[in-house]
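Protein chains in written order, with the working numbering: chain A, 24 to 361; chain B, 16 to 82.
Okay, structure coming up:
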C-alpha cells in the first residue's frame with residue numbers, strides 16, 4: 024500500500040478505487056494566479072496523474088500574499104507563473120506529471136490543450152477568457168469547474184456538459200466592466216475557499232458522484248453564502264451548448280482584437296462582441312485604479328496608467344499609446360476593463 | 016421591509032421594494048446577477064416589476080472576473 028494517500032483512501036467516498044481514478048486523471052488548469060496555484064497544490068497533493076497549467080503572466084511581488092506556490096525569488100527572477108509553479112509542484116509530489124504552458128489563451132489556441140483532459144479548472148482572471156474556455160469545454164464535452172473571486176467574495180459553478188446550463192447560458196453578455204483585484208483588492212482566504220470548492224467538485228466528479236448545477240457564492244469577510252439551483256436557466260438555443268452550437272467565443276469576430284498602429288507606438292484594441300463602455304462608470308473605475316490625467320468627454324475617456332496613455336472609446340475600442348507590444352497592451356486593457 | 020438575503024436577516028430601506036431597486040441598492044446594476052426569490056429564479060426582464068415581500072428569502076449571486 025502506498026502510505027502517501029492512505030488517509031485519503033480511508034475517506035470512504037474516495038477509497039482505493041477513487042484514488043486510482045484520481046491517479047488516472049489529467050487535469051487542465053487555465054490560469055496560474057491565485058486560484059490556479061491553490062487548485063494545483065491541492066490536486067497535486069491529492070495525487071492526480073497529470074496536471075497541465077496554462078498562464079500568460081510572470082510572478083510579481085504583489086502576488087505573494089495570496090499565490091501560495093510562489094516565492095520572493097520567483098518574483099525577483101520574473102519567472103513565468105507556470106514555470107515557477109511546475110518547479111514547486113514537482114518538489115511537493117514528484118509522482119505527478121506536471122506540464123507548464125506559457126501562453127495567452129484565445130479561441131484559436133485553447134482547443135488543442137483541452138482535448139483529452141478529464142476536467143478543466145477555471146482559474147482565469149476575466150469573464151471573456153472564461154467564456155472562451157467554456158466554449159472549448161462544451162465542444163469537447165469536458166467538465167469545466169468554474170471559480171472566481173475578488174475582494175472577500177467568490178463563486179463557484181460546476182459546468183458539466185449535458186447536465187444543466189453552461190456558463191454562456193448564465194452570462195448572456197459581457198458586462199461593461201467588472202471588479203478585479205486591481206480595483207477592489209483580494210484577500211488570501213477567499214482564494215483558498217473557492218479553490219477548496221473547485222477541488223472538491225473535481226474529486227467528486229472523478230469518483231463518479233453527481234454534481235447538480237448549483238451556482239454558489241460566499242463572502243468570507245461578511246460571512247454570507249448563497250446557493251441557486253440554475254437548472255432552469257439552461258437555454259435550449261444557447262450558441263455554446265444548445266441544439267445547434269456554433270461556439271461563438273472560439274471564433275475570431277467575438278474576441279478582443281489587438282493590432283499595432285504602424286509608426287505610432289500604439290496598439291488598438293477592439294473589445295469582443297456586445298461590449299460598450301459606459302464612460303461615466305469607467306471614469307470612476309479609472310480613478311479607483313489610481314489612473315492619472317483622466318480626461319473625459321462625451322465620446323471618449325483618456326488616462327495615464329502604468330506608463331501608458333490609454334484612450335477608451337464608447338464603442339468598446341481602446342488605444343494604448345506607448346507600446347507596440349500586443350501582449351502588453353492587451354494585459355493593460357484587461358486590467359483596466361476587468 | 017425585513018427579508019432574508021443570502022442567508023442573513025436584513026432590514027431594507029422603505030423605498031427598496033422591487034428586485035431592480037434591490038440590485039441598484041447593492042450597486043450591482045452593471046454586473047451579471049442571478050436572483051432567486053423563495054426558490055424561483057427571476058427573469059431579468061421582470062426585475063423592475065417583481066416586488067419584494069416581507070419575509071422573502073432572496074438569494075443573489077453576481078459574477079466577478081478575478082481569479
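Backbone N, C-alpha and C fix where the C-beta goes; we use that ideal spot for every residue, glycine too.
Computed from a predicted model, the values in this text were never measured in an experiment.
Beta-bridge pairing of residue i - partner residues as DSSP gives them
i	result
residue 348(A)	BP columns for residue 348(A) are empty, so no partner.
residue 167(A)	143(A), 182(A)
residue 241(A)	177(A), 248(A)
residue 223(A)	Its beta-bridge partners do not exist; DSSP assigns none.
residue 125(A)	78(A)
DSSP three-state assignment for residue i, whether helix, strand or coil
i	result
residue 438(A)	In the structure as shown, chain A begins at 24 and stops at 361. Residue 438(A) is therefore absent and cannot be evaluated.
residue 196(A)	coil
residue 322(A)	coil
residue 277(A)	helix
residue 23(B)	strand
residue 136(A)	helix
residue 76(A)	strand
residue 48(A)	coil
residue 213(A)	helix
residue 24(A)	Because the pLDDT at residue 24(A) is just 47, under 50, the model does not fix this residue reliably, and the point stays unresolved.
residue 118(A)	coil
residue 340(A)	strand
residue 172(A)	strand
residue 63(B)	coil
residue 249(A)	strand
residue 293(A)	strand
Residue i classed as buried or exposed, judged by whether at least 16 other C-beta atoms fall within 10 angstroms
i	result
residue 24(A)	Summary for residue 24(A): the model assigns pLDDT 47, below 50, so the residue's position carries little reliability; its value from the coordinates is reported in the next sentence. Answer is exposed; the Cβ neighbour count stays below 16.
residue 282(A)	exposed
residue 49(B)	buried
residue 269(A)	exposed
residue 41(A)	buried
residue 321(A)	exposed
residue 216(A)	buried
residue 89(A)	buried
residue 240(A)	buried
Just by C-beta distance, which residues in the region 174-189 of chain A are closer than 7 Å to chain B? 176, 178
What residues in the region 40-51 of chain B bring their beta carbon closer than 9 Å to a beta carbon of chain A? 45, 46, 47, 49, 50, 51
Taking a cut of 9 Å between CB atoms, which residues from the region 242-256 of chain A lie near chain B? 242, 245, 246, 247, 248, 249, 250, 251, 252, 253, 255, 256
Segment contact, 8 Å Cβ cut-off, at least three pairs: the region 298-310 of chain A with the region 342-353 of chain A: no
I'd like to know if the region 252-268 of chain A and the region 158-177 of chain A are in contact, where contact means that at least 3 CB-CB pairs between them fall below 8 Å. yes
Assess, as a yes-or-no matter, whether the region 30-44 of chain B is touched by the region 65-74 of chain B under the definition of 3 or more beta carbon pairs within less than 8 Å. yes
Beta carbons nearer than 9 Å to chain B: which residues of the region 273-306 of chain A have them? 301, 304
Can you list, in chain order, the residues of the region 27-42 of chain A whose Cβ is nearer than 9 Å to any Cβ on chain B? none
Taking only beta carbons into account, state which residues of the region 17-31 of chain B come closer than 7 Å to chain A, listed in chain order. 21, 22, 23
Whether or not the region 249-261 of chain A and the region 226-233 of chain A are in contact is what I'm after, with contact meaning three or more pairs of Cβ atoms, one per stretch, closer than 8 Å; do they touch? no
So, do the region 202-210 of chain A and the region 117-134 of chain A have three or more beta carbon pairs nearer to each other than 8 Å? no
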